[in-house]
């Protein structure tokens, strides 16, 4: 039983990273400007320098806003990603929100928000408060915790709620990287592809983070100091993004009965010249193609719950092209969770486990 009765409905805020409103230079520039000026994303520059660099150089060049008749690299990629339903990340987020709300029933109010762009966290919170909810469960759609994703979402939610005169009960979900229902959905999506024995190797590719961010989150002098520091989850690394990614891999591999030599955990989407979490997915693919003669690779992307640039384009197109150049034949990407009914059921179950039944 809760400490006090809940007279209103329970609010649920599902939050994903974000996406441009359109695959145009102007919209992409606006999205990149907001995303890359978050001090939790680019964390090694003073505020003013970060604003000047991002808004004056990086975002205009990558979006093509400096020459709208010749879209920049990021805009071209979003144009490839876009579907008749718009951005897959936003589309599936809306579908999932609607279906989860239907499963939870009338005593819940469920809203979708994006950390960057629309629908904004502020808009979604205002809608929940307007419904006079008794509590708000903040559920980031990132299975693994990272300061640049979940941490940023939590900070923004707390910043906005701190302006309110009355703040309802708030619960922040940190991570769910080896939650059994989630793991089973990822594994079942792989099983749906048929016999996994036909693949020369299986890669679990996660979005990368700079090593400095991993070390900054380490209060116990553990990260990159102890060999195999990500091989188990313990008190000292319980919030480590890399350790949680490895834990997700181990859980899916166990569900599928994979031997340790059948799979590798790696990291993608590296930017800049600093060292990021290793090994890099692109290097892993090159090694398996050139040195081990791999022809068929199966790739999971368990840091994402919906199609996005990092899955559909980076792995499905860019890595595929490189793999073929190195002598490989095909990379099969395990489908994202998207609006899979099994994912809807798993998400609904996790939300119920984090909330209490309302008391009228």
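Residue numbers (the working numbering): 342 to 701.
By construction, the Cβ of each residue, glycine as well, lies at the ideal position given by its N, Cα and C atoms.
Asked	Found
Beta-carbon separation (whole angstroms), residue 301 vs residue 672, contact threshold 8 Å	Outside the displayed span of the chain (342 to 701) sits residue 301, for which this structure offers no information.
Three CB pairs or more closer than 8 Å across the region 574–584 and the region 526–540	no
For residue 588 and residue 480, the rounded distance between their alpha carbons	20 Å
Unbroken alpha helix (DSSP H) run spanning residue 420, endpoints	414–422
Buried versus exposed call for residue 455 [16 or more other C-beta atoms within 10 Å across all chains shown]	buried
Residues that residue 545 bridges to, as DSSP identifies them	606, 641
C-alpha distance - residue 390 paired with residue 376, whole-angstrom precision	15 Å
Beta-carbon separation (whole angstroms), residue 502 vs residue 469, contact threshold 8 Å	Actually they do not touch by this definition, with Cβ atoms about 10 Å apart.
As assigned by DSSP and simplified to three states, the class of residue 674	strand
DSSP-derived helix/strand/coil call for residue 700	The predicted position of residue 700 is uncertain, since its pLDDT is 43 and thus under 50; a value taken from the coordinates is nonetheless stated next. Three-state result, residue 700: coil.
Touching by the beta-carbon criterion (3+ pairs, under 8 Å), the region 398–407 and the region 448–463	no
Residue 284, DSSP secondary structure in three states	The question about residue 284 has no answer here: the residues shown for the chain are numbered 342 through 701.
Residue 399 - DSSP class collapsed to helix/strand/coil	helix
Exposure label - residue 412; buried when at least 16 CB within 10 Å	buried
Paired residues, beta bridge with residue 433 - DSSP	Note: residue 433 sits in no beta bridge, so no partner.
Beta-ladder partner(s) of residue 508, from DSSP	In the DSSP output, where bridge partners are listed per residue, residue 508 has none listed.
Host beta strand (DSSP E) of residue 476 (start-end)	476–481
Unbroken alpha helix (DSSP H) run spanning residue 389, endpoints	388–394
Presumed contact (8 Å Cβ cut-off) between residue 396 and residue 374, rounded CB distance	5 Å
Spatially closest choice to residue 708 from 489, 636, 427, by CA coordinates	Here the chain has residues from 342 to 701 only, and residue 708 is not among them.
Candidates 602, 630, 553, 383: closest to residue 661 by CA position	630
Entirely enclosed alpha helix (DSSP H) segments - the region 570–627, minimum 4 residues	582–597
Residue 510 versus residue 692 - alpha carbon distance	15 Å
Whole-angstrom distance between residue 420 and residue 364, CA atom to CA atom	5 Å
Between the CA atoms of residue 553 and residue 624 - distance to the nearest angstrom	20 Å
Alpha-carbon spacing of residue 527 relative to residue 433, whole angstroms	16 Å
Option nearest residue 556 by Cα separation, candidates 422, 349, 384, 367	384
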